[in-house]
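Enquirer: Numbering (the working numbering), first residue to last: 4 to 987.
Sharing a structure, written as C-alpha cells. Questions coming.
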Amino acid sequence: MDRDSGPRMRVPEQRAPEKPGTAEALRFTVLGPVRAWRGSELLSSGSPQQRALLTALLLREGRTATAGELIDAFWGEDPPSQALATIRTYASRLRKILGQDTLVSESGGYAIRTDRGALDLTLAQDLAAEAEKARAAGDRCQARTLINKVLGLWDGEALASVPGPYADNQRTRLEEWRLQLTETRLDLDLEVGCHAEAVSELTALTAAHPLRERLRELLMVALYRSGRQAEALAVYADTRRLLAEELGVDPRPELAQLQQRILRADEELARPADEPAPAPAPLKPAQLPATVPDFTGRSAFVSELGSRLATAEGSVMAVSAVAGIGGVGKTTLAVHVAHQARRHFPDGQLYVDLQGAGARAAEPETVLGSFLRALGTADSAIPDTLDERAALYRSTLDGRRILILLDNAHDAAQIRPLLPGTPGCAALVTSRVRMVDLAGAHLVDLDVMSPEEALALFTRIVGAERVGAERDAALDVVAACGFLPLAIRIAASRLAARRTWTVSVLAAKLADERRRLDELQAGDLAVKATFELGYGQLEPAQARAFRLLGLADGPDISLSAAAALLNLDPHEAEDLLEALVDTSLVESAAPGRYRYHDLVRLYARACAERDEEAVERESALSRLLDFYLATAAGVYALERPGDRLADHREPTQYSGLTFADRHSAQDWLYTEANSLLACVRQTSGPGAVRRAVDLLWATKDLAESGANSKQYEAAAITMRDLARSSDDARAEGRALITLTNARLVAGRFDQAERDAQRAMRLARAVDDPLPSCWAPNDLGIIALYQNRHAEGEAYLEQAIANFRADANRPGEASALCNLSRIHLAMGNTTSAVALAQQGIDIYDELDHALRGANGRYALGLALTQSGRFADATEQLHDALAVFRDSRQRLWEGMATFRLAEVDLAAGLPAQAATKSEQALAILRGIGGEWRRGNVLTVLGRALSEIGQPGRAQVCWREALDIYETLGSAEIETVRKLLAPTLPA
C-alpha cells in the first residue's frame, strides 16, 4: 500500500443537495451490514445482489444512478446479457419494501429520496466535520468525543458481504477513512495525555497495518511518554527494516526526526500538549463609530428605525434607508439608532463609509474584502470577483445576527452586493439620494431639525447657563444655521471653545447675509454654508491647514505627511490638526492619522483655490511628494542595501522619515500605500513627474505584495502617460520599467516586453543608467518565461555588463540569478548552480535579505534539477521565510510552488500535492494565469502519483485552457499528460 502522509478526515465523496423524502421513519446503515429500518422494524433487504443495488443508490445520497452506472457497479466490464432486466427486477423488489416515494425512477435511472439524517454515513460525515472545527478551535476534548462518536457508528466491515466492483471500491475507501479517523483520535489521545491507554490499541493496529508509518509514529510517542524509551526505539528499528525489505525505502523524515528526539530524551516530546484554552468565540466585529453624547431630538425617527431593525430577530431581513441633504444628521442618527439596536445583533456590527458623495465612491468588492476580514476570513480565502465575494459574504453571515451600517452610499447599485441575504441580519443605509430602487427597503426622509430640537442641541453643546441668558440670540444662531445639525454642531462647538464670546457675538457674526443667505438653503449649498461657518471662525493658521490638507487625494493622511505638506514642525501640525478635529471639520481616523468627510474635502479645496495662490498650492503638494519620495527611498535602501537608486533618483527638498530596521520601514510602506499611490496619481505638472516616477520605483514592493498590485499598476500607467505628454523621455523610461514590473507580477508578459523594449530605447537616448540596467534584466526574465533562452541569455549578459558599469552590485546579483535560471532551462545545471551562488554571495556581502531570498530561490531551482533535493529544500525554505516576513505574497506563493516541485522530484507526491494547493491559495489574485497553470500542472502530476487520476485530469485540463488562451509554450507538455483522454 502507499505510504501515508498523516491523517485526513474528509471523505472524497460528493454530496447532492438535501431533498426530503416522504418516508421520514426510514433509516439505513452502510458502515457495517447494509440494512434498512422503518422505525424499530428491521426490513428485509433481500439477496446480496439486491443489497448491492441498495448500496449503490444510498452512497449517491439522493443523486440519480443511471442503468449503465448500476450495471458497471454490479458486474464491471463483463455484464450478463440480461443485466438491465436484472436491475429492474431488483429495483422493483426494493420499491415494494421501501415505498414508491423513496425509491424513484428518474431519467432512465433510480434514486433513493430520504432525509439526510437517515443514513449513518452522512451522520458520520457531519460529526467528523464538527470534530475538525472543534480541533481547529483548540477544543481537543470535544474533537476527541466527536470522533469517537463517528467511529462508534461502524458495525464491523463497511458494506459487509455486498458483491460487485463498486462495493469493493467503496469498502476500501470507507476502511481508509476509518483508519484516518482512528489515527486522528489516537493523536488527540496523546495530546490530552492518554498515552498509556493508547499503547495497546496502537500495538494491534500496527500489527494489522505494518506499513502505515503514522501508526508507528504514534506508537513510538505513546511508548516514550509511558517511560518505555527502548521499546519506542525498537519500533523505529523494526519499521526501518520492514520498509527497506518491503518497499526499498527509508522511513519518512518525521519518523527519523522522532527517533532523534527520543535519543536526545527531548523533554518537549515527553510532555503532552497543554490543555487547550476555551475555544475562542467567532470574530464579533464591533465597528460602529462612537455615538455622540449630546444626541438630541429625532425621537420619532429613532423609534421608527429601532422598531424596524428589531424585526430582523424574526423571519425577515430588515433594510432601512435614511436619505437627506448633506449635514442633516443622517450618520449621527443612524449611528445612534444602531447603538440602541445592538442588543438585537449579538454577533456584531459592521460599518463602512461608502464615500458616495465624493469623486471616487468605495468599490463594493473592496468593502466586501474588509467586511470578510472583519468576520474572520483569511486574506487567502477571499475571492477576486465581486460576485464571489458577495456570495461568500452572505454565506458567512448565514446563521448570525449582525447589523450592517452602510453610511454615505452613492446609489442602490453600490450597496446591493453589501446587503445580507438571511433573516437575523439587518442593514441601515444613509445616502443623499432616496433609495427608491432598493427593493424591500424601508425609506426614511430626514429633514432639518425643528426649532425646538435645534435649540436643544445647541444648548447641550454650549451649556444651559450661557444659552439661558441669551435665548433669543441662540434662536437667531440656530435659525441662521438653517436648523441643519452639522451647522449647529460646528457653531456651538466654536462657541463652547471660546469662553470670552457671548451667544450674541456668534449671532452677530451669522447675521452677515453675505456669508449665509442663499448658502443656508436646502441642498448642497446648505452644506457649504455650514462649512463656511466653521471655516470663517478658524484662526489664520488653522484655516491655512484646513485649506492645504484638503488638496491631498489619499483616503487619509498621517501626521508626518501633513507636517510636510504644511511645512511645519510635527508638534505644530498636530496642534492645528487637533484643533480642526475639535471643530468637526477634520476627523481623527486613528491616532496620528486624519481624514476629511468627502464633502468637507471638496469645500476645503474650493477654499484653497479661492484663498491660496497657485504657487502655494503646488508647493504644498510638492512638499508632500518630497516627503513620500524621501521616506520611500529610505525604505528601499533598507530593503536593498547597495542599490543605486539613491544616487540616480531625483533630489528632494523636504526630508523624510528614518527607520531603525526593515520591519518598521515595511510597516510604514504598507500603511501609507494607498495615500502615497494617490499622491502619485495626483501628480499633474511636468515639474513633479520625475519625482513621482521615482516614488513608484522606490515602492516596487507594493506591486509584488498582492494587496496593492492593481493600484500600483494604475499609478504606473498614469505616470507613463504624463511623462509622454510632457515629452520627458527619462521619466517615461523609468515609468515604463515600473509598469513592466507590475505586468510581470500580473503575468502579462507580452505587454511587459513592449514596455521594457521602449524603456530600453528611451534609456539609451537619454543615457539613464537605471532603465539601461533593468530593462535588459526584465527582458531576460520575460524571454525565460517564454522559452526564448538564447535571447534571454543575451539580454541578461547585457544587463550584467550594464550593472557592473554602474557599480550596481545588487543589480548585478539579480541578473546573475536570472541568468542562472536561463542556464538551467538550457540544461547547464552546473553553471546554473554557480551563477546563483555568485548572486547570493553578493547579496550576503551586502546583507541584502529580501533579494538574497530571490537568489536562494534561483539556487533552489538549480539544485532541484541537479538532483540535490535536500539542499534545494533548504534553500527554498530559507527564501520562503524571508518572503513571508517581507509580505511578498507573489514570491511566497512561488517559493511554496517550487518546494512542491522538489517534493515531486524527490518522490514525495503527497507532500507535493499539499504544497501545490497551498501555492494556489497564496497566489490567488496575484501572479497571473500563466503561473497558475504551472502550479496546476505540478498539482496534477502529484495527484496522479498518489492515485487520484480524476483530479489530476481536471487540473491538467484547466492548465491546458490557460496555456491555450495565452499561447504558451507549455501547451504540448500538458497535451502529452492528457494524451490518453484527449480526442484524436
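Backbone N, C-alpha and C fix where the C-beta goes; we use that ideal spot for every residue, glycine too.
Which of the three DSSP states is assigned to Ala163 in this structure?
Expert: coil
Enquirer: Ordered along the chain, which non-local residues of its own chain (more than five positions away) have a Cβ less than 8 Å from that of Thr69?
Expert: The residues are Ser110, Gly111 and Gly112.
Enquirer: Taking His347 as the reference, give the member of Asp253, Leu357, Leu926 and Pro426 with the closest Cα.
Expert: Out of Asp253, Leu357, Leu926 and Pro426, Pro426 has the C-alpha closest to the C-alpha of His347.
Enquirer: State the beta-bridge partners of Tyr597 as determined by DSSP.
Expert: Ile560 and Ser591
Enquirer: Should Trp700 and Leu648 be called a contact, given that it needs their Cβ atoms to be closer than 9 Å?
Expert: yes
Enquirer: If you run the structure through DSSP and keep just helix, strand and coil, what is Ile405?
Expert: coil
Enquirer: For Arg392, which residues in the same chain have their Cβ closer than 6 Å to its Cβ, ignoring the five residues on either side in sequence?
Expert: Glu368, Leu371 and Pro386
Enquirer: Thinking Pro288 and Leu245 are a contact (beta carbons under 8 Å), I'd like their distance in whole angstroms, please.
Expert: In fact, because the Cβ distance is near 54 Å, the residues do not count as touching under 8 Å.
Enquirer: Should Arg501 go down as buried or exposed, given a rule of 16 or more other Cβ atoms within 10 Å for buried?
Expert: exposed
Enquirer: Can you check whether the CB of Val480 is closer than 9 Å to the CB of Ile491?
Expert: yes
Enquirer: Which same chain residues end up closer than 7 Å to Pro644 when comparing Cβ atoms and leaving out the 5 residues on each side of it in sequence?
Expert: Leu849, Asp850 and His851
Enquirer: Looking only at its chain, what residues have a beta carbon closer than 7 Å to the beta carbon of Ala691, apart from the 5 residues adjacent to it on each side?
Expert: Cβ neighbours of Ala691 beyond the five flanking positions: Ser625 and Leu628.
Enquirer: In whole angstroms, what is the alpha-carbon distance linking Asn151 and Gln290?
Expert: One Cα belongs to Asn151, the other to Gln290, and the distance between them is close to 40 Å.
Enquirer: Any idea if Asn172 is buried or exposed, counting beta-carbon neighbours within 10 angstroms, 16 or more meaning buried?
Expert: exposed
Enquirer: Enumerated in chain order, which unbroken segments of the alpha helix (DSSP H) with a length of 4 residues or greater are wholly contained in the stretch 884 to 971?
Expert: Runs of the alpha helix (DSSP H) lying entirely within the stretch 884 to 971, each at least 4 residues long, are 892 to 908, 912 to 925, 931 to 948 and 952 to 969 in chain order.
Enquirer: Report, in whole angstroms, the separation of the C-beta atoms of Val33 and Ala161, which I expect to be a contact under 8 Å.
Expert: 6 Å
Enquirer: Touching or not, the stretch 605 to 614 and the stretch 549 to 562, by the rule of three or more beta carbon pairs under 8 Å?
Expert: yes
Enquirer: Residues bridged to Phe549 by DSSP?
Expert: The partner list for Phe549 (beta bridge, DSSP) is empty, contrary to what the question assumes.
Enquirer: Using a 10 Å radius around the Cβ and a threshold of 16 neighbouring Cβ atoms, would you call His339 buried or exposed?
Expert: buried
Enquirer: Which class does Val977 belong to by DSSP, given the choice of helix, strand or coil?
Expert: helix
Enquirer: Residues in its own chain within less than 6 Å of Val195 by CB, not counting five upstream and five downstream?
Expert: Excluding five sequence positions before and after Val195, the CB atoms of its chain that fall closer than 6 Å to its own CB belong to Arg143, given in chain order.
Enquirer: My output table needs one value for Tyr113: the three-state DSSP class, helix, strand or coil.
Expert: strand
Enquirer: What does a CB cutoff of less than 8 Å around Ile974 pick up in its chain, not counting 5 residues either side in sequence?
Expert: These residues qualify, in order along the chain: Leu963, Tyr966 and Glu967.
Enquirer: Among residues of its own chain, excluding the 5 on either side of Ala909, which ones have a beta-carbon nearer than 7 Å to its beta-carbon?
Expert: Phe872
Enquirer: So, Leu191 versus Ile115, is the Cβ gap smaller than 9 Å?
Expert: no
Enquirer: Could you have a look at Phe298 and say whether DSSP puts it in helix, strand or coil?
Expert: coil
Enquirer: Only counting the same chain, and skipping five residues up and downstream in sequence, which positions put a Cβ closer than 6 Å to that of Ala127?
Expert: Val153 and Leu156
Enquirer: Could you tell me which whole alpha helix (DSSP H) segments of length 4 or greater appear in the stretch 778 to 846?
Expert: If only uninterrupted alpha helix (DSSP H) runs of at least 4 residues are considered, those enclosed by the stretch 778 to 846 are 792 to 808 and 812 to 828.
Enquirer: Should the stretch 350 to 361 be called in touch with the stretch 406 to 419, which here means at least 3 C-beta pairs below 8 Å?
Expert: Touching, per the Cβ criterion.
Enquirer: Can you name the start and end residues of the beta strand (DSSP E) that His445 belongs to?
Expert: His445 to Asp448
Enquirer: Give the secondary structure of Trp78 by DSSP, where H, G and I count as helix, E and B as strand, and everything else as coil.
Expert: helix
Enquirer: Can you tell me whether DSSP reads Thr505 as helix, strand or coil?
Expert: coil
Enquirer: How is Ser708 classed by DSSP in three states: helix, strand or coil?
Expert: helix
Enquirer: How many Å lie between Arg519 and Pro454 at the Cα?
Expert: Reliability of the predicted coordinates at Arg519 is poor, the pLDDT of 40 falling under 50, and no value is obtained from them.
Enquirer: Do Gly485 and Ala681 have their CB atoms nearer than 9 Å?
Expert: no
Enquirer: Taking DSSP's pairing of strands, which residues face Glu44 in a bridge?
Expert: Arg41
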